[in-house]
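Worksheet: one structure, shown below.
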Amino acid sequence: MVHAIEAYTSRILKNPLSDNLAKQALRLIGSKLVHVCRNGQDAEARQDILLGATLAGQAFANAPVGAVHALAYPIGGIFHVPHGLSNSLVLPHVLRFNASAAAPLYAELAEVLIPGIQGDEASKTEAFINFMEQIAIDTGIERQLREVGIKESDLRRMAQEAMKQTRLLGNNPRDVTEDDAFAIYSAAF
Ligand SMILES: [Fe+2]
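When we follow the UniProt record's numbering, the leftmost residue of the sequence shown carries the number 1, and every step to the right adds one.
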């Protein structure tokens, strides 16, 4: 889902092809992910997840990922946290940080994930971020950096490492400084 979200909000290479791939991926995964975590025997639903993951991969092959991945890399690289969980740990905090630049796009993704949603752009953006957080709650994965062996004293070094991911940060809808990265990690801690 992060691949699709970041492709859809990629600053540089976002395009109609990647947009459609990202939206279709989120539609498939968003509607089935919690269900398949609870009922792994539903092969048809798992097929939808696999298709969604493939489409999301095609989306970000055409419109690269951004700050969620840039900030996830030190979590995986230094602390050996799996890639998906690394992304999930910082996702809501990066989305809140990006909202001032990406709210129109996040509101569009809210309409994909929550069919029939009403309200203004800000409320749809909030609903979108809450939707993603709720998946983490419902699936029971770790939601704080402190739960995966990271200490508060590690956060500055992680922020410094994240700033090296210039290829990814350049695609993020909002510029990220080292202090921004530190603040995001602090919120995720
Ligand atoms: Fe990824």
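Backbone N, C-alpha and C fix where the C-beta goes; we use that ideal spot for every residue, glycine too.
- Around the beta carbon of D179, fewer than 16 other beta carbons lie within 10 angstroms, which makes this residue exposed.
- A straight-line Cα-Cα distance of about 10 Å links I75 and A159.
- Going by DSSP, L155 is part of the alpha helix (DSSP H) stretching over L155 to A162.
- For G77, the enclosing alpha helix (DSSP H) begins and ends at A67 to F79.
- Shown here, T177 sits in coil according to DSSP, grouped into three states, outside any helix or strand.
- When the alpha-carbon of D19 is set against those of E108, S186, H69 and D42, the nearest one is in E108.
- Under the three-state reduction of DSSP, T166 is assigned to helix.
- Fully enclosed alpha helix (DSSP H) runs of no fewer than 4 residues occupy 121-139 of the segment 112-152, in order along the chain.
- Taken from the Cβ of H93, every heavy atom of ligand 1 lies 7 Å or farther away.
- The closest CA to that of I137, considering only A101, I114, L85 and A56, is found on L85.
- Just measuring C-alpha positions, the residue of Q41, A59, V90 and L17 sitting nearest V68 is V90.
- Counted as a single uninterrupted DSSP element, the alpha helix (DSSP H) harbouring T54 occupies residues A43 to N62.
- Take the alpha-carbon of N98 and the one of Y73: they are about 18 Å apart.
- V65 has its CB nearer than 7 Å to a heavy atom of ligand 1.
- The segment 47-65 and the segment 166-177 touch, with no fewer than 3 CB-CB distances between them shorter than 8 Å.
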